[in-house]
Every structure is written in structure tokens, then in C-alpha cells.
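In the numbering used here, the protein residues as written are 508 to 1132.
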């Protein structure tokens, strides 16, 4: 950050304290205690029954007297997050007033290691579906997957207009096309500075800096007051496109009075400021020089158009052609170039099919796979499965991204495989080739100082991020009782005088597996985990319907448990155990299939565990003739 632009007096000059109820009493002994969190069950759409830990509240003194400011109360506004709290991703929030509901963002999150076979996770739309006639529209802050990825699933359920800036709208358009929704969707393009009226609320789009162009925060004007939502943001004083965050507008809103602010908490634990995206360009210049006569391959997020622009600029400077690999990278580069957000000189961009026509020292390949995704282009290169790119010792590979928590193993596996092929790999721990798109502590304090909200709600992050941001707001002068750490499904209501929790709505995770939406739940995941850990044994038996006598079998098929040829003796004994179980059922006059299957499962399960200390899934199949 340039020295002359640093905010030197943030910590010294606290913002004016928000207006509070003048008749509130001092908190008693219970002040400072925290409510214990109750977390929604995994794989369900159940909302938490209790609020996650939050700062203690001062209670207003009613005492039969008319409360101060009661005459100033306005129609209540409810803030209902359906995602993005106590988690990373799946951002979606409802703003409800009277008969109108406004939706901000509708994103996905990616499955964790326990969600075997699941492709992605979307918010629970139950409350939206129940109130479909009250939804006035969806406004979108920016084009990252965790903010737009679930839009097609939402629009299959409700027919509402969508408002987004140009690049964001282009990315949404691509998703709608994939889902066959483009023809019927009401997609509207807006610009920073525009205001959209939706029912009794209006939304002003405010330009912010982030790791994708066209990102916006929002000022939502409601009957109760103005609510500022920062969206994902950082303060970049030297942005690639020249469009610095509109701090003056946030300051204007603060001087007029802001009822509440919801602010990005992703980097709330990090001190200082986030480096400018432009610093990465200087690193690219150094690395391109260092690459010499080698081919350069750069992996980064497809949506980071400014990062891609800096790669292109370096390629042009050093006389290299640029090829693009990975479906999302190809799509984003095409869209961003089409609307003028990515500037590539004529003749620089070549098709990946043509790379063999150029020597290595004249090539740069920009690819997806910076997170070690199993099917990404870089991973396929590392495993030798890419149809157009074969990695050689003459490749200089730059991974321009930091690992998303949980992806570290996948990334380092790819790096190891690339190095085994002889390539040199440069990644974040070795060089300054990535900067975050989220504000660190000094920038978060700056935003608090400008907006000066009466109520503060930390947003976007796990509980540790939210708690750190909440403590920061209190240190900046926001009264502790005016800081709310909330959770998905919790209804936070304000009438301009007070803010309080008033209930819950259904919220949680809906799992998407292939074309199935919501048909994979905790039981299916449990079975998949069981199969993955201990394998499967199928026991097939044919019995006489009249006598109950075994006519054929039992035959045993094993998958993922033991290699049958190396365990023939155990498998023969397993067959005898099943025969014994069936004989006991016959002599005990047990003819009900369910009981017979359970007998096989119990006795075979006990035997296999005694021999292997494993519990394979056992599926008895009984046929009658």
C-alpha cells in the first residue's frame, strides 16, 4: 500500500458509537456468558435449534413503561442467511419485509472427504419454495461459484428476475445454458452505482475490489433503515483495471446513518492489509525471465481474470504465444475477451491443438487445476492423461493460487507427480505468486470506520472468523449488545430501534450427485463410507417355496473385502456359516425373508469379524422357486 494512502489513525480514532436505547439497563451478572452452539446434523436440511455462540446482549427495560424510541419503530426487516456462515461457501441470504423477499447470492460449496460421490452442495431452498410468491428478485455480488453456482437449481424452483454486473451475468448465463434455462431466465445486467427496486426494498450496487472483476457490495434500503452488505472485498489501491473500491460511497452511507452492516470475515484472523493484485505481475515478470528456454505452464483460478491478464501481459513482453486448457478457463477467457475485460493482442492466443507447432520458449499454457482437482487439466497433465499436453523436464510450472483449506493433499500430490516427470514447479510457499481477494484486519477496520453501523453482523466464514471479526467491531466502538454472530437458518429481525433473533427456518445442505438433487442424504453417505472402508459381500440363495429347503447356493460374491483367490479357505467357511444360518431358520420354521436375511447377516458378520476384524456390508439375496 502506498505510504501516503495508509489509514494511520484507525485504531486511535474510534467511530462514533451507534445510537442505542437510552433506557437500557446495565447488563447484570449473566452478561458476557455465551450460548452454546447447536450444529445442524450432517447431510440434513435441519436448521440449528440454538444460536451459535454470540456476544451477550443488554436487555431493554420495559417495566410497563413505554420504551424509548417505540414511536420510531418501523416495519420490521428480517435477515435470514441460508448459507455462508460457520462454513466456507454456499453463500445465500434473504432479506424479508412485509410481503417482499429479496435474495442476495446463491452459491455452492464443494463436498468434503466424507461426502463420497457427491459433486457439489447447495443451500436448502425449502423456505424459498414455501414463499415463492413473495420473492421479488435475486441480486448477485460477483461471479464466484460460492455465490452463483446454485442459481440454476434455484431458478428451476422459482421464476424470478436476476440482477448482476456484466461479467457476473456472463458467467451465470453459461450455467443457465448448461441447465437448459437460458431461454426462460430473466437475467438483467446492472452496473456499479445502479439501484434496483424490488418490492419495498431497493438495492444499490457499490464497486469493490476482489479476485474477480465486477464485484460489488450492496446498500439495501429497507423501511427500517439502510443495511450495508460488503460482499467479498479487499481494498486494492493499485488494481489492474484501475477501478479502486468505492470507499467514498461507503463513507457517504456511514455519514447518513447505517442501520446494520454484514461484512466479509474470511481474512479476519490476518493482521495488516491484503497485497495488491499488481504485485503478482512483478513476480510473473521475474519468473518468466528465470524460465529461460523452457515452456511455461501456469495454473490459477479461471475466474481470476486480472491474474490471467497479467500472464498474458508477461507472455507478450517475452514473445510467447498463449494457449488455454481446462473447460472453465476456456469459457471465462472467451467471455471476458468478448466483453472487453480481458485484452489479448491479436495473434497471441492460439488453440491448444496447435502447441506442437511452436518451440517451448515461445509458449505459455494457462490451465485450471490450481487446487489439485481430480479431473482438472493440470492433474491430467501430471498423471499423463491430458490429450494435448505432455509434461517434460523442459516445463516450468507455476501454481498461482493458495490452497483452499482441505485441498492441500490434492495439490501436493499433483506437485509431486509433476516433479517426478522432471518439471520444475513453483508454488506459493516458494514465491510471491498469489494474493488473496479478501480484506485483512486493517481493511476490515477501515470499512467499520467508514460505515459506522448501529448493528454489526460478521458474515462469510467459519465460527473462528466470525468471532474474530465480532471482537474487532467491539474494539472499534460498536456496543457488544449490537454485534450478532448468527448461523444459517436463524432469523434476525430489526425495526430500526432494536435487533433480535425471532426464530428459525429450514436451512442446511442439499447434496447434488449427478442429476440427483437432494436424493443423497446421511444414510446413503453412511453406506458409501461403509463400502469404501470394508467392502461388500453378496450372498445369493435359492429356496423351495413349499418346503423352505435350499435348492441352490448360498453363493458368495465379494467386492472390496478380500481377494477371493487368496482367501479360498475363509470363503468356503463363510459359505458353510450361511448354510448353517439357513438350516437353523428352516428347522425353527422361520420362513419370513427378512428374518432369514438378518440371520445370515448376523452369523456371517460375526465370523468375518473374528477372522479379519472388518465389517463388510453384507447383502443377502433370497430367491424362491
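Backbone N, C-alpha and C fix where the C-beta goes; we use that ideal spot for every residue, glycine too.
As the structure is a computational prediction, the values presented were derived from the model and not from experiment.
*Who does residue 902 pair with in a DSSP beta bridge?*
802
*asked:* Taking only three categories from DSSP, how would you classify residue 704?
replied: strand
_Can you look up residue 1130 in the DSSP assignment and give me helix, strand or coil?_
strand
*Along the chain, which unbroken stretches of the alpha helix (DSSP H) at least 4 residues long are found entirely within the region 596-645?*
633-637
*Helix, strand or coil at residue 1025 according to DSSP, with G and I counted as helix*: Note on residue 1025: pLDDT 49, under 50, position unreliable in the model; no value is reported.
*Leaving aside the five residues before and after residue 1127 along the sequence, list all residues of the same chain whose C-beta is less than 6 Å from its C-beta, in chain order.*
1046, 1104, 1107
*What does a CB cutoff of less than 8 Å around residue 468 pick up in its chain, not counting 5 residues either side in sequence?*
Residue 468 lies beyond the range of the chain shown here (508 to 1132); nothing can be said about it.
*Taking all protein chains shown into account, decide if residue 550 is buried (16 or more other Cβ within 10 angstroms of its Cβ) or exposed.*
Low confidence applies here, because residue 550 scores a pLDDT of 37, under 50, leaving its location unreliable and the question unanswered by this model.
*Within the same chain, show all residues whose beta-carbon is closer than 7 Å to that of residue 958, passing over the 5 residues directly before and after it, in chain order.*
735, 757, 760, 761, 765, 768
*Tell whether a beta-carbon distance below 7 Å holds between residue 963 and residue 987.*
no
_Looking at the strands, I want to know which residues DSSP matches up with residue 670._
646, 695
*asked:* Taking only three categories from DSSP, how would you classify residue 709?
replied: strand
_Sequence-distant residues of its chain with Cβ nearer than 8 Å to residue 933 (five each side left out)_ = 794, 903, 904, 905, 906, 940
*asked:* Need the endpoints of the alpha helix (DSSP H) that residue 754 sits in, please.
replied: 754-763
*Touching or not, the region 843-854 and the region 815-824, by the rule of three or more beta carbon pairs under 8 Å?*
yes
_DSSP has residue 965 in a bridge; who is on the other side?_
770
*Name the residue from 651, 590, 592 whose alpha carbon lies nearest to the alpha carbon of residue 944.*
651
*Would residue 1111 be called buried (16 or more neighbouring beta carbons within 10 Å of its own) or exposed?*
buried
*Is residue 1043 closer than 7 Å to residue 1067 when the C-beta atoms are compared?*
yes
_Just verifying my parser: in three-state terms, what is the DSSP assignment at residue 1008?_
strand
_6 Å Cβ shell around residue 548 - same chain, five flanking residues per side excluded_ = Confidence is the limiting factor: at residue 548 the pLDDT is only 36, short of 50, which leaves the residue's position unreliable, though a coordinate-based value still follows. Result list for residue 548: empty, nothing under 6 Å.
*Residues of its chain near residue 1134, where Cβ-Cβ distance is below 7 Å and the 5 sequence neighbours each way are ignored*: Because residue 1134 is not part of the residues shown, which for the chain are 508 to 1132, the question remains open.
*What are the uninterrupted segments assigned as alpha helix (DSSP H) that are 4 or more residues long and contained completely in the region 870-952, given in chain order?*
884-889, 915-927
_Selected residue, minimal CA-CA separation from residue 1076, among 600, 1109, 1115_ = 1115
*Please state whether DSSP places residue 835 in a helix, a strand or coil.*
helix
_Are the CB atoms of residue 721 and residue 712 within a distance shorter than 7 Å?_
no
*Return the CA-CA distance between residue 876 and residue 910, expressed in angstroms with no decimal places.*
11 Å
*Can you round the beta-carbon distance between residue 884 and residue 874 to whole angstroms, since I take them to be within the 8 Å contact cut?*
4 Å
*Range of the contiguous beta strand (DSSP E) that encloses residue 727*: 723-729
*Taking only the alpha-carbon atoms, compute the straight-line gap between residue 1120 and residue 886 and give it to the nearest angstrom.*
36 Å
*Give the straight-line distance between the Cα atoms of residue 646 and residue 596, rounded to the nearest whole angstrom.*
17 Å
*Can you check whether the CB of residue 732 is closer than 7 Å to the CB of residue 1003?*
yes
_Cross-strand partners of residue 977 (DSSP beta bridge)_ = Its beta-bridge partners do not exist; DSSP assigns none.
*State yes or no: is the C-beta of residue 642 within less than 7 Å of the C-beta of residue 669?*
no
_Beta-carbon proximity check, residue 977 vs residue 995, cutoff 7 Å_ = no
*Taking buried to mean at least 16 other C-beta atoms within 10 Å of its own C-beta, is residue 554 buried or exposed?*
Note that residue 554 scores a pLDDT of 38, beneath 50, so its modelled location is shaky and nothing firm can be said.
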